[in-house]
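Going down the list, the sequences are from chains A and B.
For the numbering used here, add 74 to where a residue sits in the first sequence, where the first one is 1.
For the second sequence, position 70 matches number 54 in the numbering used here, and the numbering has no gaps at all.
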Amino acid sequence: MDKLRISLPGLELKNPIMPASGCFGFGREYCQFYDLSLLGSIMVKATTLEQRLGNPVPRVAETSSGMLNAIGLQNPGLEKVMNTELPWLAGYDLPVIANVAGSMVEDYVEVAKNISRAGNVHALELNISCPNVKEGGIAFGTDPEVARELTAKVKAVSEVPVYVKLSPNVADIKTMALAVEKGGADGLTMINTLVGMRLDHRTGKPVIANKTGGLSGPAIKPVALRMVYEVSQVTDLPIIAMGGISSAWDVIDFISAGASAAAVGTANFVNPFVCKEIIDELPAILDELEVEHIHDLKGRSWKVGETADYRA
Amino acid sequence: MIKVEKMKILSQKIIAENIYEIELQGPLVNEISMPGQFVHIKVNKANDPLLRRPISISSYDKKRQTMTLIYRATGAGTIELAQQTGEINVMGPLGSGFPVEDVKGETAVLIGGGIGVPPLYECSKQLKARGKKVIHILGFESAEAVFYEDKFKELGPVYITTADGSYGTKGFVTDAAVQFNIKADIFYACGPVPMLNAVEKLFESIPGYISMEQRMGCGIGACLACVCAVNGPELYKKVCTDGPVFAKGELVYG
């Protein structure tokens, strides 16, 4: 099992696999399928200061090899998450990454300050890239200076390391990565969804009530992979990658691109066992690739000479 | 308990225009606890269509470990489903169905619209088995779309309506309920939202249950895609886990 054990800022993980935020709630639904303690970590649903009811329905639409969603950060609010959801998760041997969202800087700071003090929260994921809310979210994730400042303010109050979730909906994601690094980020998570749209053939109107939604699923994997490949070459911050991961080989791809860990999102909806299956399958793949540890593959897509070695 | 298993496709046939009946077999059937629950089906092994398809259980037989589903094949996923043979990946049973235990009164009216008709069949069978008199009002677009009339007739009276008047009474299910002066002690309904709204108004004086439909993601309550507005402090409920069946008066019709 040591082949998969990894160490990241704030996170000593049994394995590098975790469900992505928004695709797993707070784990209650998935604990009926397997023991959550098997997971490396869990990125829980975005938490805002006050309860949010989310967007009108329809909130999802399927697309080729993917889906659009515009849930709108529906969550029970900081207090309930602190008093109910996190204590429930503490029953598992599972370090939690708490996803923090807000409309204003003060919201982020307040949520980060409180939630980072929960015993089982080992890191924060700063959600500056939700494309589906009118205020906050992506507004913080597309301007490097704004993102840097927010990261610094959250960093100043957080008791645990802060990972910043990057949006792919920018001209140059490397600039954003470097900006949040300058703001003091301990790590990056990437990518959030790509803004997309689907129209009803007959009416010509958007299918999703919010009109646009975030595209996820296998369709976005090539984009995510390219971005991890680019960002991992300009920063030493560890990257937790997500974007269309649905198999153990997808995880190998992202580690090869330069990520340190991988999060599984949409695939949980199709196969509720997917995270467990990936964890089970990885050791045999590492044997097949003849490596001792999964991080022996890290960044081999761009590291000079390494690709040839592994092919030999 | 929710299972994910490969179920055997025993048969698959067209029973009305674009309407398919599929019979599946496997231990998952043992887990069904009430009529009106649904299953979430991965229609093929490919990434496209990606998501599962929620389909209500029309009837089941625990002795044979079989269940029958009826679906309309008009979208990409259900058209793909209609071509499947052999085995299929099913997750379920899911959701909370129609309560049939301890129902007060003698007579139940079951009202279905289009592809909302199927789950009422098992509901009616179980009500009848508990000694209730069952009356059915089933609405369809046209004569070509009508299915299960004879099956429901074996259980109790059936009133068919069609929107174009090509079969049965012309108009909506609520028109037939008024025209034939249907009286009951409880109602069970499944169909399009405007129909559910009209049914709740018409049968204001008796208790009842309605089954909702919404675009779904995970089917187990995690993704928060299929919410519906409700009266009460929580404001929203999840169709997949709090429903799909809700008590009369619970839903806010927008």
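By construction, the Cβ of each residue, glycine as well, lies at the ideal position given by its N, Cα and C atoms.
Quick check on this structure: which residue in the options has the alpha carbon closest to the alpha carbon of residue i?
| i | options | result |
| --- | --- | --- |
| Ile251 (chain B) | B:Lys46, B:Glu1, B:Ile41, B:Val84 | Residue 251 (chain B) cannot be examined here, being either before or after the span of chain B that is shown, -15 to 238. |
| Leu12 (chain B) | B:Pro19, B:Tyr4, B:Glu188, B:Val23 | B:Val23 |
| Leu8 (chain B) | B:Phe131, B:Gln(-4), B:Pro102 | B:Gln(-4) |
| Gly287 (chain A) | A:Ile313, A:Cys204, A:Asp76 | A:Cys204 |
| Phe82 (chain B) | B:Ile72, B:Val162, B:Leu94 | B:Leu94 |
| Ile(-1) (chain B) | B:Leu186, B:Glu15, B:Pro102, B:Gly238 | B:Pro102 |
| Lys292 (chain B) | B:Ala129, B:Thr52, B:Gln163, B:Pro38 | The question about residue 292 (chain B) has no answer, for chain B in this structure spans -15 to 238. |
| Gln21 (chain B) | B:Thr153, B:Cys107, B:Leu208, B:Gly205 | B:Cys107 |
| Ala251 (chain A) | A:Leu273, A:Trp323, A:Thr225 | A:Thr225 |
| Phe343 (chain A) | B:Ser17, B:Pro228, B:Leu(-6), B:Arg37 | B:Arg37 |
| Ile80 (chain A) | A:His369, A:Leu168, A:Ser375 | A:His369 |
| Leu147 (chain A) | A:Thr249, A:Asn194, A:Asn284, A:Leu311 | A:Asn284 |
| Lys372 (chain A) | A:Val183, A:Val302, A:Lys350 | A:Val302 |
| Val395 (chain A) | A:Phe347, A:Ala331, A:Ala337 | The question about residue 395 (chain A) has no answer, for chain A in this structure spans 75 to 386. |
| Leu(-6) (chain B) | B:Val(-12), B:Gly233, B:Ile6 | B:Ile6 |
| Ile72 (chain B) | B:Gly79, B:Gly140, B:Gly10, B:Tyr220 | B:Gly10 |
| Val84 (chain B) | B:Ile121, B:Ile170, B:Ser126 | B:Ile170 |
| Arg272 (chain A) | A:Arg126, A:Gln125, A:Val134 | A:Val134 |
| Val338 (chain A) | A:Ala192, A:Ser321, A:Ile329 | A:Ser321 |
| Lys239 (chain A) | A:Ile202, A:Ile247, A:Lys187, A:Phe214 | A:Ile202 |
| Gly155 (chain B) | B:Glu188, B:Arg199, B:Ile(-14), B:Gly123 | B:Gly123 |
| Ser206 (chain B) | A:Ala94, A:Trp323, A:Asn157, A:Pro90 | Note that residue 206 (chain B) is Ala in the sequence shown, not Ser. Closest option to Ala206 (chain B), Cα to Cα, is A:Ala94. |
Tell me the DSSP secondary structure of residue i in three-state form.
| i | result |
| --- | --- |
| Tyr108 (chain A) | coil |
| Asn396 (chain A) | Lying before the first or after the last residue shown, residue 396 (chain A) is absent from chain A, which here runs from 75 to 386. |
| Lys(-13) (chain B) | strand |
| Gly278 (chain A) | coil |
| Pro228 (chain B) | strand |
| Gly101 (chain A) | coil |
| Pro102 (chain B) | helix |
| Val238 (chain A) | strand |
| Met196 (chain B) | coil |
| Gly215 (chain A) | helix |
| Glu255 (chain A) | helix |
| Asp370 (chain A) | helix |
| Val297 (chain A) | helix |
| Cys349 (chain A) | helix |
| Pro83 (chain A) | coil |
| Ala173 (chain B) | strand |
| Arg385 (chain A) | Reliability fails at Arg385 (chain A), whose pLDDT of 42 lies under 50, so the model's placement of it is uncertain and no value is given. |
| Phe131 (chain B) | coil |
| Lys26 (chain B) | strand |
| Ala335 (chain A) | strand |
| Glu362 (chain A) | helix |
| Leu224 (chain A) | helix |
| Ser330 (chain A) | helix |
Check whether the Cβ atoms of residue i and residue j lie closer than 8 Å to each other.
| i | j | result |
| --- | --- | --- |
| Asp217 (chain A) | Val236 (chain A) | no |
| Ser241 (chain A) | Leu198 (chain A) | no |
| Thr121 (chain A) | Ile189 (chain A) | yes |
| Ile119 (chain B) | Thr91 (chain B) | yes |
| Val170 (chain A) | Val118 (chain A) | yes |
| Ala336 (chain A) | Met316 (chain A) | yes |
| Gly99 (chain A) | Leu110 (chain A) | no |
| Ile313 (chain A) | Ala333 (chain A) | yes |
| Val269 (chain A) | Asn243 (chain A) | yes |
| Asp181 (chain A) | Leu112 (chain A) | no |
| Val74 (chain B) | Ile25 (chain B) | yes |
| Phe131 (chain B) | Ile3 (chain B) | yes |
Bridge partners for residue i per DSSP, in chain order?
| i | result |
| --- | --- |
| His263 (chain B) | Residue numbering for chain B in the displayed model covers -15 to 238; residue 263 (chain B) lies beyond these limits and cannot be assessed. |
| Ser320 (chain A) | Answer is none; Ser320 (chain A) lacks a bridge partner. |
| Thr50 (chain B) | B:Gln9, B:Asp45 |
| Tyr4 (chain B) | B:Ile(-2), B:Tyr55 |
| Thr263 (chain A) | A:Lys239, A:Ile314 |
| Ser290 (chain A) | A:Met141 |
| Tyr220 (chain B) | B:Ala213 |
| Thr153 (chain B) | B:Thr145 |
| Gly270 (chain A) | A:Gly287 |
Got a sec: does the ligand FAD put a non-hydrogen atom nearer than 7 Å to the Cβ of residue i?
| i | result |
| --- | --- |
| Leu147 (chain A) | Inclusion of the ligand FAD in the displayed structure is not the case, the ligand content being empty and no account of it being possible. |
Taking 8 Å as the threshold (beta carbon to beta carbon), is residue i in contact with chain D?
| i | result |
| --- | --- |
| Ala147 (chain B) | Of the protein chains in this structure, namely A and B, none is chain D. |
query: How about the stretch 127 to 145 of chain A and the stretch 286 to 295 of chain A: do they share at least three Cβ pairs that are nearer than 8 Å?
result: yes
- prompt: Does the stretch 264 to 272 of chain A come close enough to the stretch 217 to 226 of chain A that 3 or more CB-CB pairs lie under 8 Å?
  reply: no
message: Taking contact to mean 3 or more Cβ pairs, one atom from each stretch, closer than 8 Å, check whether the stretch 202 to 217 of chain B and the stretch 123 to 132 of chain A are in contact.
response: yes
task: Report yes or no: do three or more beta-carbon pairs, one from the stretch 60 to 75 of chain B and one from the stretch 171 to 182 of chain A, lie closer than 8 Å?
output: The stretch 60 to 75 of chain B is not in contact with the stretch 171 to 182 of chain A.
- prompt: Any chance the stretch 78 to 91 of chain A sits against the stretch 178 to 193 of chain B, with 3 or more Cβ pairs inside 8 Å?
  reply: no
- prompt: When the Cβ atoms of the stretch 38 to 58 of chain B are set against those of the stretch 138 to 147 of chain B, are three or more pairs found closer than 8 Å?
  reply: no
message: Is it the case that the stretch 150 to 165 of chain B contacts the stretch 98 to 107 of chain A, given that we only count it when at least three CB pairs across the two stretches are under 8 Å?
response: no
field: Contact between the stretch 303 to 311 of chain A and the stretch 348 to 361 of chain A (3+ Cβ pairs under 8 Å)
entry: no
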